[in-house]
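Participant:
Protein chains: 2
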Amino acid sequence: MNAEIISVGTELLLGHTINTDTAFVARELSSAGVGLLYSCTVGDNPERLKAAVELALSRSDVLITTGGLGPTGDDLTKETVAAAAGKKLVLHEESLRRIEEYFKGRVLGETQKKQAMLPEGCTVFRNDCGTAPGCGFTTDAGKRVVMLPGPPFELIPMLKNYAIPYLTQAENAAIVSRIVRVFGLGEGYVAELIDDLCACPNPTAATYAKEGEMFVRVTARAADEAAAEAMCEPVVRELQKRLGGFVYGLDVESLEETVVKELAARGKTVATAESCTGGLLAKRITDIPGASDVFHMGCVTYANEIKTMLLGVPEETLRQYGAVSPQTAEAMARGIKERSGADYGIGITGVAGPGGGTEEKPVGLVYLALCDGDGVKIREMRPAGRYRGRGYLRGMAASNALDMIRRSLQGLGGVEQAAYSQMKKGG
Amino acid sequence: MNAEIISVGTELLLGHTINTDTAFVARELSSAGVGLLYSCTVGDNPERLKAAVELALSRSDVLITTGGLGPTGDDLTKETVAAAAGKKLVLHEESLRRIEEYFKGRVLGETQKKQAMLPEGCTVFRNDCGTAPGCGFTTDAGKRVVMLPGPPFELIPMLKNYAIPYLTQAENAAIVSRIVRVFGLGEGYVAELIDDLCACPNPTAATYAKEGEMFVRVTARAADEAAAEAMCEPVVRELQKRLGGFVYGLDVESLEETVVKELAARGKTVATAESCTGGLLAKRITDIPGASDVFHMGCVTYANEIKTMLLGVPEETLRQYGAVSPQTAEAMARGIKERSGADYGIGITGVAGPGGGTEEKPVGLVYLALCDGDGVKIREMRPAGRYRGRGYLRGMAASNALDMIRRSLQGLGGVEQAAYSQMKKGG
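Just so you know, the sequences run in chain order A and B.
All residue numbers for the first sequence refer to this note's numbering, where the first residue is 343 and numbers rise by one.
All residue numbers for the second sequence refer to this note's numbering, where the first residue is 343 and numbers rise by one.
#1: Less than 8 Å between the beta carbons of residue 461 (chain A) and residue 429 (chain A), yes or no?
#2: Taking 8 Å as the CB-CB limit, is residue 400 (chain A) close to chain B?
#3: Return no unless some Cβ of chain A is closer than 8 Å to the Cβ of residue 455 (chain B).
#4: Tell me which residues of the segment 365 to 392 of chain B have at least one Cβ-Cβ distance to chain A shorter than 9 Å, keeping chain order.
#5: Return the Cβ separation of residue 601 (chain B) and residue 747 (chain B) in integer angstroms, given the expectation that the two are a contact with Cβ distance under 8 Å.
#6: Would DSSP call residue 763 (chain A) helix, strand or coil?
#7: By the criterion of Cβ-Cβ separation under 7 Å, what are the contact partners of residue 360 (chain B) in chain A?
#8: So, helix, strand or coil for residue 634 (chain A), using DSSP?
#9: Label residue 453 (chain A) either buried or exposed according to how many other C-beta atoms from any shown protein chain fall within 10 Å of its C-beta, with 16 as the threshold for buried.
#10: State the Cα-Cα distance for the pair residue 416 (chain A) and residue 573 (chain B), rounded to the nearest angstrom.
#11: Cβ atoms of residue 392 (chain B) and residue 422 (chain B): under 8 Å apart, would you say?
#12: Counting Cβ pairs closer than 8 Å, one from the segment 516 to 528 of chain A and one from the segment 542 to 558 of chain A, do we hit at least three?
#13: Along the chain, where does the alpha helix (DSSP H) that runs through residue 742 (chain A) open and close?
#14: Just verifying my parser: in three-state terms, what is the DSSP assignment at residue 701 (chain A)?
#15: Output yes if chain A places a C-beta closer than 8 Å to the C-beta of residue 638 (chain B); else output no.
#16: Can you confirm whether residue 815 (chain A), when its beta carbon is compared against all beta carbons of chain B, has any partner nearer than 8 Å?
#17: In chain order, what residues of the same chain lie with their CB nearer than 7 Å to the CB of residue 597 (chain A), ignoring the 5 residues before and after it?
#18: Out of curiosity, what's the CA-to-CA distance linking residue 361 (chain B) and residue 361 (chain A)?
#19: Who are the neighbours of residue 678 (chain A) on chain B, taking C-beta pairs under 8 Å?
#20: Taking the C-alpha atoms as reference points, what is the distance between residue 424 (chain A) and residue 431 (chain A)?
#21: So, for residue 496 (chain B): in the same chain, excluding its five sequence neighbours on each side, which residues have a beta-carbon less than 6 Å away from its beta-carbon?
#22: Can you find a CB in chain B that lies within less than 8 Å of the CB of residue 650 (chain A)?
#23: Helix, strand or coil for residue 350 (chain B)? Go by DSSP, reduced to three states.
#24: Reducing DSSP to helix, strand and coil, say where residue 677 (chain A) ends up.
#25: In this structure, how does DSSP classify residue 595 (chain B) when only helix, strand and coil are distinguished?
#26: Could you tell me the alpha carbon to alpha carbon distance between residue 665 (chain B) and residue 627 (chain B), rounded to whole angstroms?
#27: Taking only the alpha-carbon atoms, compute the straight-line gap between residue 713 (chain A) and residue 640 (chain A) and give it to the nearest angstrom.
#28: Does any residue of chain A have a CB that is nearer than 8 Å to the CB of residue 464 (chain B)?
#29: Considering only the beta carbon of each residue, do residue 653 (chain B) and residue 677 (chain B) sit closer than 8 Å?
#30: For residue 499 (chain A), which of helix, strand or coil comes out of DSSP?
#31: Under 7 Å, CB to CB, which of the residues in the segment 686 to 701 of chain A have a partner in chain B?
#32: Kindly provide the ranges of any alpha helix (DSSP H) runs that are 4 or more residues long and lie completely inside the segment 399 to 459 of chain A, ordered along the chain.
#33: In this structure, how does DSSP classify residue 541 (chain A) when only helix, strand and coil are distinguished?
#34: Rounding to the nearest angstrom, what Cα-Cα distance links residue 638 (chain A) and residue 690 (chain B) in this structure?
#35: Excluding five sequence neighbours on each side, which residues of the same chain lie with their C-beta closer than 8 Å to the C-beta of residue 368 (chain A)?
#36: Would you please state the rounded distance, in angstroms, between the beta carbons of residue 515 (chain A) and residue 563 (chain A)? I believe it to be under 8 Å.
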């Protein structure tokens with residue numbers, strides 16, 4: 343089953359909104375075993391939208407639209423798609439009631455009511471986070487059409503809860519997908535280690551790289567969910583065996599999610615002392631709801647005097663080794679652990695660039711120290727390959743810090759040299 | 343002149359890479375007065391790419407491709423586009439030399455050399471951040487084609503420095519664009535205030551909303567740059583007059599850029615005390631290169647005891663008013679200013695959700711306090727409209743903090759109630 347996405351919205355063509363919906367829909371389709379061959383974006387223009395819909399219906403099995411379901415005059419997706427597919431729009435009473443409820447007694451304008459007009463005979467997807475419902479239907483030619491709202495906080499739950507089940511139930515097969523997350527190994531290297539697993543047609547295993555990390559997705563297709571799960575299981579176990587301590591989590595979203603969960607499970611806490619990352623590590627930890635159980639305190643000590651004042655880094659250490667040194671990182675980690683009373687203290691210091699580098703301490707040099715009670719572990723990030731910017735470098739430094747905490751929690755050895763220089767191919 | 347973007351790359355169709363290139367190219371085209379009518383994404387598949395290129399050349403004046411210029415076997419953009427446009431690929435000696443230099447004497451494989459093969463007669467765009475050059479040419483039918491590499495850190499400088507000048511020089515007109523950035527007013531409200539300016543064909547003024555902020559872009563087209571600039575000037579001044587203190591900057595990228603620049607210009611410093619934002623404010627300040635001149639210290643005081651220990655927030659204040667209160671925010675701001683010796687101290691405390699809300703202190707309630715020497719200013723964010731998630735709420739809290747510093751620096755009055763609930767239309 344091959345799909346195509348049409349994103350509708352002039353704001354996307356002006357570039358002030360980044361199209362994250364397409365990536366989200368693509369990932370969910372891929373998990374569900376649906377291949378995506380094209381995606382395209384058109385503005386709020388009925389002629390161009392009509393042409394795009396006709397093209398999609400001529401070449402793809404499934405058409406998914408995002409955006410243009412709302413109440414305003416430039417929300418034209420339903421009208422245009424229904425006309426292209428030869429369907430009439432009819433009033434869906436339940437959706438109208440839900441919209442009325444949403445506005446709690448205020449008088450509904452015609453434009454609001456328009457949102458309850460849906461293609462005749464369609465399956466309606468309730469909007470649990472807004473007013474415009476989505477829907478799915480099959481054209482006379484047997485093509486499947488799914489329409490979703492544009493705002494991500496409306497689209498994401500509707501896609502997961504209603505649209506994907508709608509698409510897969512028609513498949514008469516259960517699809518189960520598992521994610522094996524890896525930090526510290528390049529995608530190319532992992533692909534070589536597991537190429538035999540990637541060659542298997544069911545379950546499939548595929549590698550993906552993203553911002554200095556990578557993961558393997560294992561997808562099985564079977565008659566029911568239990569059978570599909572059972573097919574994934576041995577492949578996931580084999581991946582864990584081959585990739586060892588570089589696997590940081592199964593079916594999690596991020597290093598910070600793993601770290602917060604593992605700290606909470608063990609009743610442990612962490613405190614952060616950041617220089618070059620400037621608060622990014624604390625921010626990522628506190629991105630996770632419930633972080634307050636495991637994180638009580640962080641310091642951003644950007645100036646040398648503040649490292650001394652807040653963390654007790656000896657002036658002598660700063661003078662002798664400089665702010666960017668393993669000695670300073672260690673003193674920061676020890677200082678924050680002691681002052682906070684946390685089980686883990688982490689210190690980060692480095693040259694994030696673009697300026698400020700020297701021959702001895704180039705842009706990209708970062709030292710991380712983890713004080714975990716057993717002593718202090720140091721990780722060094724050395725610049726390798728080309729400079730990918732301040733944001734990337736700070737992100738990799740925070741990820742390495744999270745990985746050090748994770749390895750300590752899981753009782754694994756450290757990796758001395760951070761493998762952060764996995765460059766993407768050019769072009 | 344109407345353009346179309348084709349993004350090439352199977353990774354984009356799997357959804358693990360969000361397509362940020364398209365938004366970036368779209369914005370630059372829009373600044374240059376080029377309208378974008380379509381964008382689409384195809385995988386590394388020559389047949390589908392060929393069909394997409396043929397369609398684009400049949401309906402658009404300009405085709406811009408991103409991705410697929412690299413050395414590997416699935417990098418097929420140049421071959422496919424050149425064939426569709428009836429051009430031969432020939433070796434470009436200078437590009438080959440640059441690639442050889444890049445690899446500093448290592449023996450070049452055929453695949454690396456392939457990157458120097460470019461359409462006959464094209465204008466070559468040097469890749470200042472990688473190996474694969476880009477290029478621009480005109481087809482026999484008078485259509486303009488531009489090919490750019492996929493990685494954003496290669497694409498962005500090439501687009502700005504070579505591709506946009508290449509496209510606009512052909513226009514025989516200078517285009518100048520100014521950005522007026524606004525915080526604290528909704529897009530709809532601003533659009534009403536300036537609708538007469540938006541109706542003018544040259545210079546144009548248009549409003550854009552993005553993550554709780556909005557901006558107005560003024561674009562003028564004239565015979566030369568000086569003339570275009572002179573046309574923008576009175577419109578920008580009029581916008582400043584009508585929008586007053588809600589304009590936080592001209593031709594800047596973000597609130598944090600404005601704040602760091604204005605602090606530096608006045609030789610002032612700021613220190614941060616964060617609870618619910620968990621380091622995000624410090625992170626955003628230190629995203630700006632050179633922040634170390636104006637930011638020396640930040641504290642993330644997630645637990646009550648830490649607020650008392652690090653910032654001296656009285657236990658009595660926490661007991662009587664709670665951690666989420668104007669009193670605690672004020673004590674945090676006073677405490678961080680005093681301990682850091684900075685000119686400005688800012689405190690943030692709130693309920694970021696999704697859990698942790700009560701009837702009295704619901705999810706979304708945030709208090710911000712700024713201590714600037716003259717006293718303390720308080721801003722309250724009250725939940726309004728629907729909850730848009732922890733990330734959005736924390737982002738708005740950090741933006742409000744930056745806006746308070748900015749207003750104080752610019753000698754403006756505060757706004758008591760943060761206008762953070764500007765909801766985007768549904769659908």
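Yeah, the Cβ is synthetic: ideal placement off N, Cα and C, and Gly gets one too.
All values derive from a computational prediction rather than experimental measurement.
Facilitator: Inspection of the coordinates gives the following:
#1: yes
#2: no
#3: no
#4: So the close ones are 365, 366, 367, 368, 369, 370, 371, 372, 377, 378, 379, 380, 381, 382, 383, 384, 385, 387, 390.
#5: 5 Å
#6: Low local confidence applies: a pLDDT of 31 at residue 763 (chain A) is under 50, so the model's placement there is unreliable, and no value is given.
#7: 360, 362, 365
#8: Three-state result, residue 634 (chain A): helix.
#9: exposed
#10: 31 Å
#11: yes
#12: yes
#13: 732 to 751
#14: coil
#15: yes
#16: Given a span of 343 to 769 for chain A in the structure shown, any question on residue 815 (chain A) remains unanswerable.
#17: 525, 590, 741, 744, 745, 748
#18: One C-alpha to the other measures close to 7 Å.
#19: Neighbours of residue 678 (chain A) on chain B: none; closest Cβ ~11 Å, over 8 Å.
#20: 7 Å
#21: 469, 471, 472
#22: no
#23: strand
#24: helix
#25: coil
#26: Residue 627 (chain B) has its alpha-carbon roughly 24 Å from the corresponding atom of residue 665 (chain B).
#27: 14 Å
#28: False, the Cβ-Cβ gap to chain A never drops below 8 Å.
#29: In contact: residue 653 (chain B) and residue 677 (chain B) (Cβ atoms closer than 8 Å).
#30: helix
#31: 696, 697
#32: 419 to 426, 435 to 444, 452 to 456
#33: Residue state, collapsed to three classes: coil.
#34: 15 Å
#35: 347, 378, 381
#36: At roughly 5 Å, the Cβ-Cβ gap stays under 8 Å, so residue 515 (chain A) and residue 563 (chain A) are in contact.
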